[in-house]
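Here is the structure we will look at, set down as structure tokens.
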Amino acid sequence: MSHSRLPLSFPKTSRQGFVYESREDTTTHIGAAAIGQIITQEDAPPYIVVYHDIENILVTRWPGRLWHVKILATAQDQPATQANYTRATSIEVCEERSAARLFGPRGETVGSIQDLIPNLTLAQIEHLAHHATSAISSDYDAAWETWLAHAHPSDTPPEAQSVGVLTMNSNQLHSPLGYAFTLAHAQYCKRVRALAGSDAFEADEDGDEWLRAPWSEALTTLLAVIMGLGAPHLYEAENTALMTKVWQDLPA
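Quick note on our numbering: the sequence shown kicks off at 401 and runs consecutively.
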């Protein structure tokens, strides 16, 4: 089956779907398995989680590998019926797909940004913070609203601004680019903590941690760059060009 014709989603009844495994996962099911290999485990967690829609695959670590699989046996304990995944105990490995597809049609570009985030330098973060403007925040906010209007027209537009938003649940979709924004946020915070420690964060009255400026400002630009380069159809042409230039001018 060719990559170009393989669907990006399957109905649950098809018993087909996708499995993503990152290089950092301590428990992997497919690993270095060959195409056509059958993988079976006992009916106990951790189960083989087979997603039926690429856009709903939860990506918490990067990089990784994405597989198209067939479900041969399912676990007795299953999630709610509306969940877009199945817990499997036996699968057949059908084909490897590009993991970049997890981030939409321009996933290669978004994936290259995700590749760099864990190694951002202070100079690069300063560059991103320098370009954090109210206009960039407004454009990011507008992109989310445009996407929401198209993804689920019946949804009521958010009353609050979407600046800094990482995900919205709309018609079982989470963002224009899957989980690209939540992944970028997690990777960036981990990198900032490695560079500056706890001084880069502050806690609110509930104990939740937030980035201090200028670290937070750099994150604002980083998210806008991912949106602009990964979903340029949600931006005006000149705004996409600006995001492209900001990223291209990132210090080496």
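We put the beta carbon where it would ideally sit given N, CA and C, even for glycine. Just so you know, these numbers come straight off a predicted model, no measurement behind them.
How many angstroms separate the CA atom of residue i from the CA atom of residue j?
i, j, result
"Leu608", "Phe601", "With the sequence shown as reference, residue 608 is identified as Asp, and Leu is not the correct amino acid for it. Their Cα atoms are separated by approximately 10 Å."
"Val565", "Arg487", "30 Å"
"Tyr420", "Leu466", "5 Å"
"Ile626", "Ile457", "18 Å"
"Ala374", "Ser414", "Residue coverage of the chain in this structure runs from 401 to 652, which leaves residue 374 outside it and unanswerable."
"Asn639", "Ser422", "33 Å"
"Asp604", "Ala500", "35 Å"
"Leu619", "Ile454", "26 Å"
"Val493", "Thr621", "39 Å"
"Ser409", "Ala473", "19 Å"
"Lys590", "Leu650", "20 Å"
"Gly578", "Glu442", "31 Å"
"Asp425", "Ser512", "20 Å"
"Ala624", "Pro632", "11 Å"
"Leu611", "Leu583", "16 Å"
"Glu617", "Gly628", "17 Å"
"Ala480", "His574", "18 Å"
"Gly630", "Leu548", "16 Å"
"Pro411", "Thr428", "24 Å"
"His452", "Asn484", "6 Å"
"Ala658", "Trp615", "The chain is shown only over 401 to 652; residue 658 falls outside these bounds and no answer can be derived."
Where do the N-terminal and C-terminal ends of the alpha helix (DSSP H) with residue i fall, by residue?
i, result
"Tyr579", "Tyr579 -> no alpha helix (DSSP H), and no H or E assigned at all."
"Ala434", "No alpha helix (DSSP H) holds Ala434; DSSP gives it neither H nor E."
"His429", "First-last for His429: undefined, no H or E at that position."
"Gln524", "Leu522 to His530"
"Ile513", "Gly507 to Leu516"
Which of helix, strand or coil does DSSP assign to residue i?
i, result
"Thr489", "strand"
"Leu622", "helix"
"Thr440", "strand"
"Ser562", "Below a pLDDT of 50, predicted positions are generally treated as unreliable, and Ser562, at 47, falls in that range; the measurement from the model is reported next regardless. Coil at Ser562, not helix or strand."
"Thr640", "helix"
"Val592", "helix"
"Pro479", "coil"
"Ala533", "Per the sequence shown, residue 533 should be read as Thr rather than Ala. Three-state result, Thr533: coil."
"Ala549", "helix"
"Leu629", "helix"
"Gly597", "helix"
"Tyr635", "coil"
Name the DSSP bridge partner or partners of residue i?
i, result
"Gln416", "Lys470"
"Tyr451", "Phe418 and Tyr485"
"Ser498", "None, per the DSSP bridge assignment."
"Gly464", "Ser422"
"Ser409", "Asp453"
Considering just the uninterrupted stretch of the beta strand (DSSP E) at residue i, what are its terminal residues?
i, result
"Trp610", "Glu609 to Leu611"
"Ala603", "Phe601 to Ala603"
Assuming residue i and residue j make a contact with CB atoms under 8 Å, what is their CB distance in whole Å?
i, j, result
"Gln587", "Gln514", "7 Å"
"Val450", "Ile491", "7 Å"
"Gly417", "Val469", "6 Å"
"Leu634", "Thr546", "5 Å"
"Leu406", "Glu495", "7 Å"
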